[in-house]
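Residue numbers (our numbering), protein chains in the order written: chain A, 83 to 321; chain D, 60 to 235.
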């Protein structure tokens, strides 16, 4: 395949850009400093298109498409922001807040939470959708870490980092829809998991206060997911 | 918008932190007090909500039958209703009992680990089964997130209202 056939030219928000054929709309946009909000996406992990925050309009498509799992195509015309897209994103964000018990004021991640910052950047000041107030468990059986399902947005970053980077496959998802839960092993208490290596990667990639380190619970420590792309590059270099 | 002359503040189910933040405006309160008349508030003596108030700041969620009665009357007699802080906006800590209902909370506070257990029934309003944000009960005009909203944010809201704008806090103030 020639080098040229690997290049796709498209427009994002009217700006003509070139991207590699294997890139997603999200990658191409970010390379050109065009902002698309994301929640489940994390540099260094595979894409699942779970949160729908990155929905964009592609001319000719009958529905909005998630930018993180849509490949660029020749001549594509992408719009990342307009009133319709903004309305959808705000609604999705409201659904996240209404689905579980996100109480920013008492959360360990207050001030360092991706869900909280999304509400700020998208200008969401209140939730029109009635709150569900589900009764959800907190598992503090692990000596160092806690999982609080009240704050989980089911982005599955923990599941992906555990499988793709650590290789332990401790985390998984059970149930369907809003009833889904991230679980350790076959829903064993985290502290009793035989596969967990206690590496803490899941905690670092969690966008909210759902996973946190016990000894840092009160100090509002910023999470550090930046190690992922570095790890990826180093490992791919070895192969 | 008509000229704003009267201001009220109310304290429903919240911790009074929003009112503390209001006082935290410091010397700016003097500037504002020459433009607003504070006609009803936990900070002044008046016991009944006036017939007509231009702007009312509401702190706290709607948690009791009294809150419900108050907020309906306030809405009816207020020009611009401002939901102030996370309890008014989201239910926040006040709404944490919604996962179990009011009964376990009453038992915990008034019966367990208490020398003379008794659930109070006289002189206190009954709790609602579900704590609700203000906008689920009455229409709200301005939403001010924060636990509490900063003094700067409150000052911004009041200044904009005085200048004849209805402020939006999207992208300015966050929950928590």
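Where is the CB? At the ideal position from N, CA and C, for every residue including glycine.
Restricting attention to beta strand (DSSP E) runs no shorter than 3 residues, the region 63 to 91 of chain D encloses them at 65 to 70, ordered along the chain. Given a length threshold of 3 residues, each whole run of the beta strand (DSSP E) inside the region 155 to 191 of chain D is given here in chain order: 186 to 191. Using a Cβ-Cβ cut-off of 7 Å, residue 204 of chain D counts as an interface residue toward chain A, since at least one Cβ of chain A sits closer than that to its own. Its chain contains 96, 98, 112, 113 as the residues whose beta carbon lies nearer than 6 Å to that of residue 65 of chain D, once the 5 sequence neighbours on both sides are disregarded; these appear in chain order. In this structure, the CA atom of residue 236 of chain A is about 51 Å from the CA atom of residue 93 of chain D.
DSSP, read as helix, strand or coil, puts residue 145 of chain A in coil. Against residue 193 of chain A, the close residues of chain D are 233, 235, in the order they occur along the chain (beta-carbon pairs closer than 9 Å).
Residue 309 of chain A counts as exposed, since fewer than 16 other C-beta atoms from the protein chains shown sit within 10 angstroms of its C-beta. In terms of Cβ geometry, residue 192 of chain D and residue 148 of chain D form a close pair [threshold 7 Å]. For residue 226 of chain D, same chain residues with a beta-carbon under 8 Å away, outside a window of 5 residues either side, are 201, 215, 216, 219, 220 in chain order.
Note that the C-beta distance between residue 107 of chain A and residue 154 of chain A is below 7 Å. Identification of chain A residues near residue 192 of chain D by a Cβ-Cβ cut-off of 9 Å yields 208, 209, 213, ordered along the chain.
Residue contact with chain A for residue 143 of chain D: absent (no Cβ-Cβ distance below 7 Å to any residue of chain A). Secondary structure at residue 256 of chain A: strand, using DSSP grouped into helix, strand and coil.
Only buried fits residue 127 of chain A, as 16 or more other CB atoms lie within 10 angstroms of its CB. Under DSSP, residue 140 of chain D takes part in a beta bridge, and its partners are D/115.
Scanning chain D for C-beta atoms nearer than 7 Å to the C-beta of residue 201 of chain A yields 233, 234, reported in chain order. Of all residues in the region 178 to 189 of chain A, only 179, 183, 184, 185, 186, 187, 188, 189 come within less than 9 Å of chain D when Cβ atoms are compared, listed by chain position.
Residues of chain D with a Cβ closer than 8 Å to the Cβ of residue 291 of chain A do not exist, since the nearest Cβ in that chain sits about 10 Å away.
Not a single CB atom of chain A sits nearer than 7 Å to the CB of residue 188 of chain D. Contact of residue 115 of chain D with chain A is not assigned, every C-beta pair being separated by 7 Å or more.
Runs of the alpha helix (DSSP H) lying entirely within the region 218 to 262 of chain A, each at least 4 residues long, are 239 to 243 in chain order.
If you check the CB distance, residue 144 of chain D and residue 208 of chain D come in under 7 Å. Apart from sequence neighbours up to five positions away, the residues of its chain that approach residue 250 of chain A with a beta-carbon distance below 6 Å are 244, 277, 279, ordered along the chain. From the listed residues A/150, A/231, A/288, A/222, the smallest Cα separation to residue 305 of chain A is found for A/288. Identification of residues in the region 140 to 172 of chain D having a C-beta nearer than 8 Å to some C-beta of chain A yields 142, 145, 148, 149, 150, 151, 152, 154, 155, 157, 158, 159, given in sequence order.
Contact check for residue 200 of chain A against residue 175 of chain A passes: the beta carbons are separated by less than 7 Å. Within chain A, the C-beta atoms nearer than 8 Å to that of residue 228 of chain D come from 207, in chain order.
Listed in chain order, the non-local C-beta contacts of residue 123 of chain A below 6 Å within the same chain comprise 150, local neighbours out to five positions each way being set aside.
Between the alpha carbons of residue 254 of chain A and residue 267 of chain A lies a gap of roughly 7 Å. Contact between the region 103 to 111 of chain D and the region 71 to 86 of chain D is absent, with fewer than three C-beta pairs closer than 8 Å. As a beta-bridge residue in DSSP terms, residue 91 of chain A pairs with A/100. Proximity of chain D to residue 198 of chain A at the Cβ level (cut-off 9 Å) is accounted for by 233, 234, 235, in chain order. Under the DSSP definition of a beta bridge, residue 107 of chain A lacks any partner. A direct Cα-to-Cα measurement between residue 203 of chain D and residue 146 of chain D gives close to 10 Å. Taking CB atoms only, residue 261 of chain A has no neighbour in chain D less than 7 Å away.
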